[in-house]
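Asks: Before I ask anything, let me first share the structure, which is written out below as structure tokens.
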Amino acid sequence: MPLTIDPPLLNSATPWATDLADLKALYDSPYTGAVTTRTSMLNGFRHNPKHHQYTFFDPSNHAVTPNAKKPKEYATSSLNTLGYSPKRLKEYLVFISQIAKGLGNQVKDATNEGRPVAKAKPFIISVTGTPDEVAECYRLICLHQAMVPMPLAMEVNLSCPNIPGQPPPAYSGEIFPPLTLRSSAPVPIGLKTPPYTQADQFCTLVDELCKSATGSGKRKTCCPISFLTCTNTLGFSLLLDEAGPVLNSLDGSGVGGLGGAALHPLALGNVRTISAALKAHRETRHVRVIGVGGVSDKAGFERMRMAGAGAVGVGTAVGREGVGIFEKIMG
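Mapping of the sequence shown onto the UniProt record's numbering: residues 1 to 331, in sequence order.
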């Protein structure tokens, strides 16, 4: 089932999509065509503010702005040592139900057994975990789809760079959990990829997607993935001041994921390369790319679209400017 995002602008999975207030503000904006939750797990992530942190900075001189509600105008990039959301998947499903209640009466369709017809903007529920855990996430999301009027989709985060001992599986291509999910339930599945820097990494990604298609010849099916979110933050990045690392982290190094303006050229290159590779194979031509990385104005949005993004996600700029960033981009 295709994922429709209209207007083609949304938030990405970030700390600014953690709680009900965050999600409601994003959903209520007339300038978002979909809303993405922060990446969750079945049982939540053990968040420790002493180790899981973020900051904004000026990419030209590394001048840092603390975790302020209104960072300096020059602080267009971000660094984080965060993990996943401390909230469980089921909490996000409850949040979505609460937002659905505020949508008013939905059109009922007798052929749909009286259930609300999905006419509202989609929620992309970002999840992660082991293959079995991701399968359970998918089952729960599919069950929840019948209870809410807005279309749901599942994004599997394969690319967080800040989990010690657990390198992003999307770099190796050895583990693609959702590719084993072959359900007829109408909930689209997507993958969130890391920033790739080598040609063979792009090839591995697309090869794995093609392998997930079943059958052969004219009877070969499309791969079960509907969209790719490109990209996550760039790992092993570091900010230093006179005292040492600006951020703390689980291993004490202060190394984390780079986002915002500093990531933008690499994100554009990933979107362009992945979009072209997807179009080159019949099994993947339907896969839509959501371009994420350093977009904070209309020009950045248009560059992402020119690179091949079907829709554009915003992360760091939401943290810097709030939900008003979407009107700024679309205005």
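We put the beta carbon where it would ideally sit given N, CA and C, even for glycine.
From a predicted model like this one, the values you see are computed outputs, not experimental measurements.
#1: Between G83 and F57, how many whole angstroms is the CB-CB distance? I'm expecting something under 8 Å.
#2: Compute the Euclidean distance between the alpha carbons of P131 and E242, then round it to the nearest angstrom.
#3: Between the region 74 to 91 and the region 33 to 45, do at least 3 Cβ pairs fall closer than 8 Å?
#4: Would you say S85 touches the ligand ADP, meaning its beta carbon is less than 7 Å from a heavy atom?
#5: Please classify P245: does DSSP put it in a helix, a strand, or coil?
#6: Using a Cβ-Cβ cutoff of less than 6 Å, which residues in the same chain neighbour A75 once the five nearest sequence positions on both sides are dropped?
#7: Across which residues does DSSP place residue 337 in a beta bridge pair?
#8: Give the range of the alpha helix (DSSP H) segment to which Y92 is assigned.
#9: Quick one: using the 10 Å Cβ neighbour count with 16 as the cut-off for buried, is K192 buried or exposed?
#10: Considering only the beta carbon of each residue, do I329 and K298 sit closer than 8 Å?
#11: Could you spell out where the beta strand (DSSP E) holding V271 opens and where it closes?
#12: Could you check if Q98 is buried or exposed, using at least 16 other CB atoms within 10 Å of its CB as the buried criterion?
#13: What first and last residue would you give for the beta strand (DSSP E) that runs through A311?
#14: Using 8 Å as the threshold, is the C-beta distance between Y196 and N270 below it?
#15: I need the DSSP call for T36, collapsed to helix, strand or coil.
#16: Would you mind giving the Cβ-Cβ distance between residue 332 and G254, rounded to the nearest angstrom? I have them listed as a contact below 8 Å.
#17: Just tell me which of D6, I125, T233 and M147 has its CA closest to the CA of G259.
#18: Per DSSP, T65 is paired with what?
#19: Please report how far the alpha carbon of A277 lies from the alpha carbon of F202, in whole angstroms.
#20: With 16 as the cutoff for other CB atoms within 10 Å, does G235 come out buried or exposed?
#21: Please state whether the Cβ-Cβ distance between G313 and V292 is less than 8 Å.
#22: If you measure from the beta carbon of L238 to each beta carbon in chain B, is any gap under 8 Å?
#23: Quick check: what's the CA-CA separation for R282 versus R305?
#24: Which residues share a DSSP beta bridge with R288?
#25: What do you reckon, are the CB atoms on Q53 and T81 nearer than 8 Å?
#26: Closest by CA to L250, which one among H51, V156 and Q166?
#27: Return helix, strand or coil for M41, following the three-state DSSP convention.
#28: Of the residues C160, A311, P2 and G310, which one's Cα is nearest the Cα of L152?
Replies: Short version:
#1: Taking the sequence shown and counting its residues from 1, one reaches residue 83 at position 83. Taking the sequence shown and counting its residues from 1, one reaches residue 57 at position 57. That pair is no contact at about 21 Å.
#2: What you label residue 131 is simply residue 131 of the sequence shown in a count that begins at 1. What you label residue 242 is simply residue 242 of the sequence shown in a count that begins at 1. Roughly 43 Å separates the two Cα atoms.
#3: yes
#4: Ligands in the displayed structure: none, and consequently the ligand ADP is not present.
#5: If you number the sequence shown from 1, residue 245 lands on position 245. Reduced to three states, the DSSP call for P245 is strand.
#6: The residue labelled residue 75 in the question sits at position 75 within the sequence shown. Counting only Cβ-Cβ distances below 6 Å, and skipping sequence neighbours, we find F56, F57, D58 and T65.
#7: Residue 337 falls outside the range modelled here, since the chain spans only 1 to 331, and no answer is possible.
#8: Start at 1 with the first residue of the sequence shown, and residue 92 comes out as number 92. L89 to K101 is the span of the alpha helix (DSSP H), which, as asked, contains Y92.
#9: Locating residue 192 in the sequence shown gives position 192, counting from the first residue. Buried is the call here.
#10: For the purposes of this step, residue 329 is taken as the residue at position 329 of the sequence shown. For the purposes of this step, residue 298 is taken as the residue at position 298 of the sequence shown. Cβ atoms of I329 and K298: closer than 8 Å.
#11: Taking the first residue of the sequence shown as 1, we reach residue 271 at position 271. Counting along the chain, V271 falls outside any beta strand (DSSP E), though it belongs to the alpha helix (DSSP H) covering H264 to K279.
#12: For the purposes of this step, residue 98 is taken as residue 98 along the sequence shown, with counting starting at 1. Result: exposed.
#13: As a first step, residue 311 must be located in the sequence shown, where it is residue number 311. A311 to V314 is the extent of the beta strand (DSSP E) around A311.
#14: As a first step, residue 196 must be located in the sequence shown, where it is residue number 196. As a first step, residue 270 must be located in the sequence shown, where it is residue number 270. Contact: yes.
#15: Taking the sequence shown and counting its residues from 1, one reaches residue 36 at position 36. T36 falls in the strand class under three-state DSSP.
#16: Since the displayed the chain opens at 1 and closes at 331, residue 332 lies outside it and no answer follows.
#17: In the sequence shown, counting from the first residue as 1, residue 259 sits at position 259. Nearest C-alpha to G259: T233.
#18: On the sequence shown, position 65 is the one that residue 65 refers to. F56.
#19: In the sequence shown, residue 277 corresponds to position 277, counting from 1. In the sequence shown, residue 202 corresponds to position 202, counting from 1. The straight-line gap from Cα to Cα measures roughly 8 Å.
#20: Counting from one through the sequence shown, the residue named residue 235 turns up at place 235. Flag for G235 reads buried.
#21: As a first step, residue 313 must be located in the sequence shown, where it is residue number 313. As a first step, residue 292 must be located in the sequence shown, where it is residue number 292. Closer than 8 Å, so yes.
#22: Among the protein chains of the structure shown there is no chain B, as only one such chain exists.
#23: Counting from 1 along the sequence shown, the entry for residue 282 is found at position 282. Counting from 1 along the sequence shown, the entry for residue 305 is found at position 305. Cα-Cα distance, rounded: 22 Å.
#24: Along the sequence shown, read from residue 1 onward, the residue named residue 288 stands at position 288. In the DSSP output, where bridge partners are listed per residue, R288 has F227.
#25: Position 53 of the sequence shown holds residue 53. Position 81 of the sequence shown holds residue 81. Yes, they are a contact pair.
#26: If you number the sequence shown from 1, residue 250 lands on position 250. Here the closest residue by C-alpha is H51.
#27: The residue you call residue 41 lines up with position 41 of the sequence shown. DSSP places M41 in strand when its eight states are reduced to three.
#28: As a first step, residue 152 is located in the sequence shown; it is residue number 152 there, counting from the start. Ranking the options by Cα distance to L152, first place goes to P2.
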